[in-house]
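K.L.:
full-length UniProt numbering applies: residue 1 is where the sequence shown begins, and numbers increase by one.
Take this structure first; my questions come after.
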Amino acid sequence: MTYGAANLNDDGTGSKSTLASTVYHQLRDDLLGGALEAESKLRVEWVVSKYGAGASPVREALNRLASEGLLGRHDQRGFFIMPVSAAELEELTRTRCWLEERALRESIAHRTAEWEEQLVLALHRLGRASRLSPQTATSLDPDWEKLHRTFHRVLISACRSHWLVGFCDQLSDHAYRYRQMANDGDSIQRDDFAEHRLIAECALDGNADEAVKALINHYQLTASICMERFKQGEVSKAAASAERARR
């Protein structure tokens, strides 16, 4: 069995495309992209109407998303979109750092020439892409997000554990959801490519300690930016609520 960069388009269902998997991908994209309001209920009838599918494939898709932690489920009361919070983001970031530290150390310890080439290529492609959308400079570019995901996937792909890579992927999805929901269109003052380049250079040099340090700093900076955006959002909500109360 070989351990290389996994296929980002592989959803575990093989080549067979079903209506349930179509609903699953559409709804999943909306959940991760922040298009649906957190904590709101997801009634089967509403999902059927919005995504144009029958109740059976919709329930299958909802159950699958619940198993991934993107949806919650009340007994006899249906599904709801998982809430977001500062405490949840802190736990998510901490756990992601734990797992990816192990994955990165293992990947560096068992690196190959092929892995090094994949990492150099992933970094090169990421560096050529713009983080912000060319259509609207206030939104993130989906193509950059794909290249960003590829870079981080390749980074740990030589760890020799599909289980560990899978767990890291799941945490990456949840982190992406927070980043999308925290994005308010303002320019972020950080050199994200320099951060990725430092991680890659340390990994390619075989310096696991420095590579892990750079990776953890990268994730913690992202989390701190998200935290600040959430705080600003809470202040804005409180101000709006106070304004409505004065009217």
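Each residue gets a CB set at the ideal place from its N, CA and C atoms; glycine is no exception.
It should be emphasised that the depicted structure is a prediction, and the values quoted were computed from it without experimental measurement.
1. So what's residue 110 in DSSP terms, helix, strand or just coil?
2. Verify whether the separation of the beta carbon atoms of residue 175 and residue 92 is less than 8 Å.
3. Count the other CB atoms, across all protein chains shown, that sit within 10 Å of the CB of residue 36; report buried if there are 16 or more and exposed otherwise.
4. Return the chain-ordered list of same chain residues with a C-beta closer than 8 Å to the C-beta of residue 195, the five sequence neighbours on each side being excluded.
5. With a cut-off of 8 Å on the beta carbons, I'd call residue 197 and residue 123 a contact; round off their distance for me.
6. Please return the same chain residues whose Cβ sits closer than 8 Å to the Cβ of residue 145, not counting the five positions on each side in sequence.
7. Give the DSSP-derived three-state secondary structure of residue 73 in the structure shown.
8. DSSP three-state call for residue 127: helix, strand or coil?
9. Given residue 148, which residues of its chain have a CB within under 7 Å of its CB, disregarding the five upstream and five downstream residues?
10. Whole angstroms are fine: how far does the CA of residue 54 sit from the CA of residue 21?
11. Can you list, in chain order, the residues of its chain whose CB lies under 8 Å from that of residue 170, leaving out five sequence neighbours each side?
12. So, is residue 90 buried or exposed, given that buried needs 16 or more other C-beta atoms within 10 angstroms?
13. DSSP three-state call for residue 18: helix, strand or coil?
14. Between the Cα of residue 98 and the Cα atoms of 227, 212, 226, 84, which residue gives the shortest distance?
15. For residue 116, which residues of its own chain have a beta-carbon under 8 Å away from its beta-carbon, when the five flanking residues on both sides are left out?
16. Is the beta carbon of residue 38 less than 8 Å from the beta carbon of residue 81?
17. Taking the runs of the alpha helix (DSSP H) that are 4 residues or longer, which of them lie wholly in the stretch 137 to 208?
18. Per DSSP, which residues does residue 78 bridge with? Please list them.
19. From 26, 191, 172, pick the residue whose C-alpha is nearest to that of residue 100; which is it?
20. Which value, in whole angstroms, describes the spacing of the CA atoms of residue 159 and residue 110?
21. Where does residue 132 sit, in a helix, a strand or coil, going by DSSP?
22. According to DSSP, simplified to helix, strand and coil, what is residue 36?
23. Could you pull out every residue in the same chain whose Cβ sits closer than 7 Å to the Cβ of residue 210, ignoring the five residues on either side in sequence?
24. First and last residue of the alpha helix (DSSP H) that includes residue 61?
P.N.:
Working from what's here:
1. By 1-based counting over the sequence shown, the position of residue 110 is 110. Residue 110: coil per DSSP, three-state reduction.
2. Taking the first residue of the sequence shown as 1, we reach residue 175 at position 175. Taking the first residue of the sequence shown as 1, we reach residue 92 at position 92. Contact flag set, yes.
3. Here residue 36 corresponds to residue number 36 of the sequence shown, with the count starting at 1. Looking at its Cβ environment, which holds fewer than 16 other Cβ atoms inside 10 Å, residue 36 is exposed.
4. Looking up residue 195 in the sequence shown gives position 195. Counting only residues of its own chain and dropping the five nearest sequence neighbours on each side, residue 195 has a CB closer than 8 Å to the CB of 214, 217, 218, 221.
5. As a first step, residue 197 is located in the sequence shown; it is residue number 197 there, counting from the start. As a first step, residue 123 is located in the sequence shown; it is residue number 123 there, counting from the start. The beta-carbon separation of residue 197 and residue 123, rounded to 6 Å, stays under the 8 Å limit for a contact.
6. What you label residue 145 is simply residue 145 of the sequence shown in a count that begins at 1. Closer than 8 Å at Cβ, skipping near neighbours: 176.
7. To locate residue 73, count along the sequence shown from 1; it is residue 73. In the structure shown, residue 73 falls within a strand segment according to DSSP collapsed to helix, strand and coil.
8. On the sequence shown, residue 127 is found 127 positions in, with the first residue counted as 1. For residue 127, the secondary structure class from DSSP, reduced to helix, strand or coil, is helix.
9. One-based indexing of the sequence shown puts residue 148 at position 148. So the qualifying residues of the chain are 126.
10. In the sequence shown, residue 21 corresponds to position 21, counting from 1. In the sequence shown, residue 54 corresponds to position 54, counting from 1. In a straight line, the C-alpha of residue 21 is about 12 Å away from that of residue 54.
11. Position 170 of the sequence shown holds residue 170. Contacts found: 68, 69.
12. For the purposes of this step, residue 90 is identified with residue 90 of the sequence shown, where counting begins at 1. By the 10 Å Cβ count, residue 90 comes out exposed.
13. Position 18 of the sequence shown, counting from 1, holds the residue named residue 18. In the structure shown, residue 18 sits in coil (DSSP, three-state: anything other than H, G, I, E or B).
14. By one-based count along the sequence shown, residue 98 stands at place 98. Looking at the Cα atoms, 212 is the closest of the given residues.
15. Along the sequence shown, read from residue 1 onward, the residue named residue 116 stands at position 116. These residues qualify, in order along the chain: 204.
16. On the sequence shown, residue 38 is found 38 positions in, with the first residue counted as 1. On the sequence shown, residue 81 is found 81 positions in, with the first residue counted as 1. In this structure, residue 81 lies closer than 8 Å to residue 38 by Cβ.
17. Whole alpha helix (DSSP H) segments, 4+ residues: 142 to 155, 162 to 182, 192 to 204.
18. Position 78 of the sequence shown, counted from the first residue, corresponds to residue 78. Answer is 74.
19. As a working note, residue 100 is residue 100 in the sequence shown. Check the Cα spacing between residue 100 and each of 26, 191, 172: the tightest is with 172.
20. Taking the first residue of the sequence shown as position 1, residue 159 is located at position 159. Taking the first residue of the sequence shown as position 1, residue 110 is located at position 110. Cα to Cα, residue 159 sits roughly 7 Å from residue 110.
21. Taking the sequence shown and counting its residues from 1, the one referred to as residue 132 is at position 132. Residue 132 falls in the strand class under three-state DSSP.
22. Counted from its first residue, the sequence shown places residue 36 at position 36. In the three-state DSSP reduction, residue 36 falls in the coil class, being neither helix nor strand.
23. Your numbering for residue 210 matches position 210 in the sequence shown. Shown here for residue 210: same chain residues with a beta carbon closer than 7 Å to its own, the five before and five after excluded, namely 202 in chain order.
24. The count along the sequence shown starts at 1 and reaches residue 61 at position 61. Where residue 61 is concerned, the enclosing alpha helix (DSSP H) stretches over 55 to 67.
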